[in-house]
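For any residue, its number in this note's numbering is found by taking its place in the sequence shown, counting from 1, and adding 4. Ideal Cβ placement from N, Cα and C applies to all residues, glycine included. Here is the structure we will look at.
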Amino acid sequence: MRQLVRERPKPRVNISGAFIRRSGLEGADLSHADLSEADAANSSFRGADFENTNLRGTKLQGADLRDARNLTEEQIRSAVIDERTRLPDHLAHLSPGNS
5 MRQLVRERPK PRVNISGAFI RRSGLEGADL SHADLSEADA ANSSFRGADF
55 ENTNLRGTKL QGADLRDARN LTEEQIRSAV IDERTRLPDH LAHLSPGNS
């Protein structure tokens with residue numbers, strides 16, 4: 005009997021390390037995307053889908069993530085945020101301004 009090996013799927017979008025400051029990505033489907041180490045400061049991600057998105061080291065200072073879907077505490081903790089980063093209500097406690 006043949007054994008199935010589950011491989012980790014490749015990211016649907018790979019913009020790792022990209023400079024995407026001040027981008028308008030409202031409602032974007034970023035599920036399974038790799039945004040690691042990208043500079044997305046001051047970008048708008050309102051309503052974007054972040055299911056299984058890699059945000060490790062992503063610069064999100066001043067970014068608008070309100071109404072983002074499937075965004076987790078783990079993703080935010082792995083990214084770089086500041087007091088200007090606008091988070092969804094369920095993650096607002098992670099904002100440096102709420103310490």
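Item: Secondary structure of D68, DSSP reduced to three states; Value: strand
Item: Contact set for A45: own chain, Cβ-Cβ below 6 Å, skip 5 residues either direction; Value: R25, K63, Q65, G66
Item: Rounded C-alpha distance that separates V17 from N56; Value: 12 Å
Item: Any chain D beta carbon closer than 8 Å to A45; Value: As a matter of chain content, chain D is missing from the structure shown, which is built from one protein chain.
Item: First and last residue of the uninterrupted alpha helix (DSSP H) at R81; Value: 77-82
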